[in-house]
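Keeping their order, the protein sequence lines are chains B and L. By the count of UniProt numbering, the first sequence reaches residue 213 at its end, each step adding exactly one. By the count of UniProt numbering, the second sequence reaches residue 213 at its end, each step adding exactly one. Ideal placement from N, C-alpha and C gives every residue a C-beta, glycine not left out. Working notes for the structure below.
Number of protein chains: 2
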Amino acid sequence: MLTVALPKGALLKDSVARFAAAGLDFSAITAADNRQLMLPSACGRARALLVRNGDVPVYVAYGQAQLGVVGYDVLKEQQRTVAQLLDLGFGGCRMAVAVKESSPYRRASDLPAHCRVASKFTSSAQEFFNQLDLPVELIHLTGSVELGPITGISEAIVDLVATGRTLRDNGLIAIEDLFHSTARLIGNPLALRLDTGELNELVQAMEGQGVTP
Amino acid sequence: MLTVALPKGALLKDSVARFAAAGLDFSAITAADNRQLMLPSACGRARALLVRNGDVPVYVAYGQAQLGVVGYDVLKEQQRTVAQLLDLGFGGCRMAVAVKESSPYRRASDLPAHCRVASKFTSSAQEFFNQLDLPVELIHLTGSVELGPITGISEAIVDLVATGRTLRDNGLIAIEDLFHSTARLIGNPLALRLDTGELNELVQAMEGQGVTP
C-alpha cells in the first residue's frame, strides 16, 4: 500500500490539503482529537504516517514511506538518500544568522573567528561558515536557540526565521541569510524506479496544482 | 548571578518544587500563561532558564547555568562534562528494549544479528548491544519511536517506559531493561570548584529533602 510520511506541526495542514487536491484524503489526521500516528486515507488506497519533521526523510530513505513532505531546511541538514520531487511552495522561511541587536555585527563575516554559534542546524551552519572561511565553534541546541546570545552561550545563532517575531521579541536581528526553505515532496528512489504508474500519477497530480503565479 | 537550567515538560513541576523547598522560588515559570524562557526567582537572587531536556547539560557544561535538572537518560546519552550532584528521585522511568508483542523475541539476545533498532537514544542503545555482543543497525528517530516496529522500519526499539501505556496502545512489549532513570541535579565543574559557599549550601538544602523513605 502507498504510504506517505507527513510532518507534525506547521507544515501538516497544507500537506494534507495538497494530497487532498490530488485525490488522497488524509484530513482525519488533522482532527483535533486524533491521536493515531498511522491513518488510512478516506479511499483506503493509501495511508499516512504522522511523524516529526526530522523523521520524515528517515522513513522515506528506508522505504517505509514511498513519499513524504518535509521542509528543505531538514533535507539539507540531513543529506539523506531521497529524491526531491516537487517544491510545494508553502512553509516559506529562511535560514539566517542572527545576533543581538546591540552587537556590532552586521554581516556574518563581521563575527570574530572562533566565536560560538548555536543552532539546531549545525551541519548547514558549519557548511556556511566553511564557505566564508570563518572558523567558529558550533553548539548544538535542540530548541529555543534564541536563548543563545541572551544567555551568552553563543555570539550568534543560525536558525529558521519566518515572521521574525521571535527574533524581535528577544532583541535579536537577522544579519545574513543562508538559504530560503519551503516544503518539498520527497520520494524513495527505489520505489520511484519500481513504480508501476501510481506514484508518478500522484506526483504529477500534485505538480499540476503548482505554486506558479 | 546563580543561573539554574530547568527542563521543559514532565520534570518541570517537581524541579520547581525542589528548588522552592530549598529557598529558590521559580514558580512563575510554571504559570499557564508564561512565555518567558529566562525568569528571576521571587527573591531576585537567582534566575532560571527554561530549556529543552536535551539542552540542560549543554547550558551547564558551558557554564551558562551553574546548576541544572535533567533525566539520567539524557545525561547518559550525551556524556557531557558535568558533575552529577544529587539523585532527585522523581521522574522515574526505565530505558527498555521493546518489540511487537506478536514477535518471537522475549530477550534482547533473541534479536537476530544485524536487525534494525530505532531509538532516540542511539548512543545508549549502541553501548547496550555492544555489551551483548549483538551487532545491530541503529536508526535514529526524534519522536514516536513506537512507530518503528509497526511500520516495519525496525525489529525493535529502545525507548523510555514510564507507565507502559504507549507500548500497550501500540501492541508492543518491553523485553529487557537497559537502566532505570530519575531526575538528577547536575552542576558545572568549574563553578563548583570556584564556589564561595552559595552553590554548596543550595545543593545541601536540596539534599536535605532527600527521597530516602
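Distances from the alpha-carbon of M206/B to those of N130/B, F19/B, Q126/B put F19/B closest. Buried is the label assigned to L50/L, since at least 16 other Cβ atoms lie within 10 Å of its Cβ.
For I173/B, the closest alpha carbon among the candidates T182/B, L185/B, A96/B, A65/B is that of A96/B.
Closer than 8 Å to the CB of V51/L there is at least one CB belonging to chain B. Listed in chain order, the non-local C-beta contacts of V145/L below 7 Å within the same chain comprise A118, S119, K120, I157, D159, local neighbours out to five positions each way being set aside.
Distance from E77/B to S123/B at the Cβ level is roughly 5 Å; contact confirmed, criterion being Cβ atoms closer than 8 Å.
Contact annotation: the stretch 147-154 of chain B does not touch the stretch 126-133 of chain B, with fewer than three C-beta pairs closer than 8 Å. Between G152/L and chain B, the shortest Cβ-Cβ separation is below 8 Å. Closest by C-alpha distance to M1/B, out of L199/B, D33/B, Q204/B, is L199/B. Straight across, the Cα-Cα distance linking H140/L with Q36/L is about 31 Å.
Against chain L, a Cβ distance below 8 Å from Q64/B picks out T151, G152, I153. Partner residues in the beta bridge of H180/B, as assigned by DSSP, are R94/B.
Contacts with chain L (Cβ-Cβ distance below 7 Å) from the stretch 136-151 of chain B involve I139, L141, T142, G143, S144, L147, I150, T151, listed in chain order. Contact between Y72/B and S181/B holds: their C-beta atoms lie close to 4 Å from each other, under 8 Å.
One Cα belongs to G164/L, the other to A98/L, and the distance between them is close to 10 Å. In terms of beta-carbon proximity, L111/B stays away from the interface with chain L, with every pair separated by 8 Å or more. With contacts defined as CB atoms closer than 8 Å, N188/B and Q66/B qualify as a contacting pair. Contact check for V74/L against A5/L fails: the beta carbons are separated by 8 Å or more.
For D55/B, the nearest CB of chain L lies under 8 Å from its own CB, placing it at the interface with that chain. Spatial neighbours of I29/L in its own chain (CB-CB distance under 7 Å, excluding positions within 5 residues in sequence) are listed in chain order as L6, V16, L39, A48, L50. Cβ contact annotation for K100/L (same chain, cutoff 7 Å, sequence separation greater than five): P149, G171, L172, in chain order. Rounded to the nearest angstrom, the Cβ distance from A83/L to I186/L is 6 Å, consistent with a contact under 8 Å.
Counting the other CB atoms within 10 Å of its CB gives R184/L a total of 16 or more, which places it among the buried residues. Per the C-alpha coordinates, the member of Y62/B, F90/B, G44/B positioned closest to L12/B is F90/B. Scanning its chain for C-beta atoms nearer than 8 Å, with the 5 sequence neighbours on each side dropped, one finds around S27/B the residues V16, A20, A42, in chain order.
Per the DSSP secondary-structure output, P7/B pairs in a beta bridge with V51/B.
Scanning its chain for C-beta atoms nearer than 8 Å, with the 5 sequence neighbours on each side dropped, one finds around C115/B the residues V136, E137, S154, E155, A156, in chain order.
For M1/L, the nearest beta carbon of chain B is not closer than 8 Å to its own beta carbon. For A65/B, the secondary structure class from DSSP, reduced to helix, strand or coil, is coil. DSSP, read as helix, strand or coil, puts E137/B in strand. Chain B places a beta carbon closer than 8 Å to that of V58/L, counting this residue as a contact. For the stretch 5-39 of chain B, the residues whose beta carbon sits under 7 Å from a beta carbon of chain L are, in order, L37, M38.
Between R94/B and D177/B, the C-beta spacing is below 8 Å. Distances from the alpha-carbon of L190/B to those of A10/B, A61/B, D33/B, G44/B put A61/B closest. Residue burial is scored here from C-beta neighbours: A31/B has fewer than 16 other C-beta atoms within 10 angstroms and is therefore classed as exposed.
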